[in-house]
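Down below is the structure, laid out as structure tokens.
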Amino acid sequence: MNPKLLLFSAAFILGVPALTLAGIVVPPVKNILMALLCFSLCYPEALTVNFFSREIYRVATRGVEVGLIDIVALALFLIMVIQPRGQRFRWFPPLTVIYGIYILIALISWTLTPGNIPVPAAAQNIYSSSGTAFYTDFETSLYPLFEISKILRGGFIYLVVVNFLRDEESFRVVLGSLLMVVFVITAEALFDRYIRGFHRISATLGHPNSLGTFMSMLGTLMFGVALFRATFVSSSLYAMGTVAALVSVILTISRGALSAIVMGIWIDVSSLFHRYINLKNFTILFLGSLMVLGLFFVAADTITARFLGQQDAISDIEYRGLYNEEAKGMARDHLFGVGPGNFSAYSWTKYAAQVGLQEPGTPAHNLWYLTLGEMGFPGLFAFILYWMRFYSIGLPSLFRRRTAFIYAVAASATAATMIGHIQFMLQLSYRQNSIYMLTKILMGIVVASWYVDRDIRRKEGEARRLARRTSNNRLPA
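If you count the sequence shown from 1, position 291 lands on 280 in the working numbering, and the numbers rise without skipping.
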């Protein structure tokens, strides 16, 4: 057996009970486990193993993935269930029902897959010409297992984060852990650029567009927290995190990611700056603007070539539109789509030729069209409801006037998911392991903030009712 598989099997069998016991006996271990959970986002390949792996097939999830993030999440889950410390476990937080319906539709789509489909000779010839032996069959009943397992894992991470975040201290633990992720990934990106001499940087995330999406989301989160902090010293780490994220995005030379992080910072400023108007924030904006201009000036040649010279963005978008046409064809022919993860197989066997696509096999880059092709209109409708429900919770945080910590965090996390969506409609990034799990963590932050806000409002309501009763009792007879 592969040594890596043996190591992770032993880690699950021995590590989960050991970590659970440690967290029960020594409560601060929970915080360390959350830091480990976030740290695992930095190295999705090294800290994850794939079972039933199909590495050559074009899909975001190429096996049943199990990694450090799952080990730590399971230990945290058991700790919080076994030792709730006076807090009820939130078994069914918001989004649970609609997420369950989405999973059910994915399962129905999976059951309708036809099994093995012979790989066209054209596909085998293309791969053999590059010295790679391709598969003889597309395993359409296997690939959905890969994606559905990730969907289930992501839902579990969301459940763990929602239950971990109970007070300001726990929010600080998660934010500090994600700040650590920013610095680790930026260090990897700088090493790749200036030591290894790479051009477009992907660091540990496999592709420059994946790194750009990931860091633009984290940069947006960090900047919002930097605006909240009251002093220069307390803001400095998060401001540095924002700059680090921006540096990483610039190193990817990703047009979408550069636009996304700029928009994310703009959303943060629009939502939070008026709540925390002070000299420190004016200074951050001024110095930050100068620093950004300096970074863009240093990288001007590379960025200009990428935006204006190397690739025609309009032609690129038009070509990607053919992927969307494939998705429409799949949805027309299959009520529940072709099955999660099966887009590439059906592109090769039928739909690329229908739309005149010269290079078959690439999944739709637009998340919504990808969902349409793989899960049909029922899956797309459930997915839309899922995100509508989330934003019904998250978007109000952008417009509230309250200035407590959780409101700034909720607004920043909401903004991070919004600019992530810009990339999800342009790049095949949503289902990349680290990005998918980061999205679930951000959603967990927003929903946990909603719980805290609900409790605050209930206490305020009870206080007002008590005050009225006390006032009435004092009135003369």
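Quick reminder that beta carbons are idealized off the backbone N, C-alpha and C, glycines included.
Please read all numbers here as calculations on a predicted model, not as lab measurements.
Whole-Å CB distance - residue i paired with residue j, under 8 angstroms assumed
i, j, result
"Arg155", "Gln76", "6 angstroms"
"Gly56", "Leu36", "5 angstroms"
"Ala334", "Phe135", "Not quite, the Cβ-Cβ distance comes to about 12 angstroms (not below 8 angstroms), so this is no contact."
"Ala402", "Leu240", "Rounded, the Cβ-Cβ distance is 24 angstroms, inconsistent with contact."
"Glu307", "Val344", "About 12 angstroms separates the two Cβ atoms, so there is no contact after all."
"Ala24", "Met169", "7 angstroms"
"Ile87", "Lys19", "Incorrect: roughly 29 angstroms between the Cβ atoms, too far for contact."
"Leu261", "Ala397", "6 angstroms"
"Leu3", "Leu22", "Not confirmed; about 15 angstroms, so no contact."
"Ile106", "Thr338", "6 angstroms"
"Gly201", "Ala246", "3 angstroms"
"Val394", "Glu157", "For clarity, residue 394 is Phe in the given sequence; the question names Val instead. Contact holds; Cβ gap of about 5 angstroms."
"Thr102", "Asn331", "7 angstroms"
Status (buried if at least 16 other CB within 10 Å, exposed otherwise) for residue i
i, result
"Gln412", "buried"
"Ile45", "exposed"
"Lys551", "Since the first residue shown for the chain is -10 and the last is 466, residue 551 is missing from the structure and cannot be characterised."
"Pro16", "exposed"
"Met377", "exposed"
"Ala6", "Note that residue 6 is Pro in the sequence shown, not Ala. Pro6 comes out exposed."
"Leu276", "exposed"
"Leu282", "exposed"
"Ser118", "exposed"
"Gly208", "buried"
"Tyr183", "exposed"
"Leu359", "buried"
"Gly383", "buried"
"Asp444", "exposed"
"Val222", "exposed"
"Ile174", "buried"
"Gln347", "exposed"
"Leu(-6)", "exposed"
"Ser166", "buried"
"Phe271", "exposed"
"Leu(-4)", "exposed"
"Pro(-8)", "exposed"
"Arg218", "buried"
Coil, strand or helix - residue i by DSSP
i, result
"Pro329", "coil"
"Ile467", "The chain is shown only over -10 to 466; residue 467 falls outside these bounds and no answer can be derived."
"Gly165", "helix"
"Asn267", "coil"
"Glu177", "helix"
"Phe127", "strand"
"Glu136", "helix"
"Ile408", "helix"
"Asn355", "coil"
"Pro107", "strand"
"Glu363", "helix"
"Met414", "coil"
"Tyr147", "helix"
"Phe262", "coil"
"Met48", "Looking at the sequence provided, one finds Val at residue 48 rather than Met. Coil, per DSSP."
"Gln113", "helix"
"Thr220", "coil"
"Gln72", "coil"
"Ser29", "helix"
"Val15", "coil"
"Phe81", "coil"
"Arg185", "coil"
"Ala397", "helix"
Given residue i as reference, the closest of the options once Cα atoms are compared
i, options, result
"Leu148", "Cys31, Phe81, Phe127", "Phe81"
"His410", "Ile97, Phe203, Ile140", "Phe203"
"Gly213", "Arg182, Thr241, Met252, His196", "Met252"
"Leu30", "Ile424, Thr459, Tyr440", "Ile424"
"Phe325", "Asp126, Ser119, Ala371", "Ala371"
"Ala111", "Asn105, Gly104, Thr102, Phe123", "Phe123"
"Pro250", "Ser237, Gly283, Val86", "Sequence check: residue 250 is Ile here, not Pro. Nearest of Ser237, Gly283, Val86 to Ile250, Cα basis: Ser237."
"Leu268", "Pro83, Ala246, Leu216, Leu455", "Leu216"
"Ala419", "Ile13, Trp357, Glu177, Gly368", "The sequence given here places Tyr at residue 419; Ala does not occur at that position. Per the Cα distances, Trp357."
"Met426", "Thr129, Thr100, Glu54, Pro(-8)", "Glu54"
"Ser98", "Phe187, Ala437, Tyr132", "Tyr132"
"Leu311", "Thr351, Arg457, Pro385", "Thr351"
"Ser259", "Ser386, Val173, Gly144", "Ser386"
"Ala11", "Ser438, Val61, Val38", "Val61"
"Ile13", "Phe(-3), Phe66, Ile90", "Phe66"
"Ser438", "Ser159, Pro73, Gly144", "Ser159"
"Phe78", "Leu247, Val70, Arg321", "Val70"
"Ala342", "Arg142, Ile137, Met319", "Met319"
"Ile140", "Asn114, Thr85, His188, Thr121", "Thr85"
"Pro349", "Phe379, Ala316, Pro329", "Ala316"
"Ala176", "Phe153, Leu235, Ile137, Phe145", "Leu235"
Residues that DSSP places opposite residue i in a beta bridge
i, result
"Glu521", "Because the chain here runs from -10 to 466, residue 521 falls outside it and cannot be looked at."
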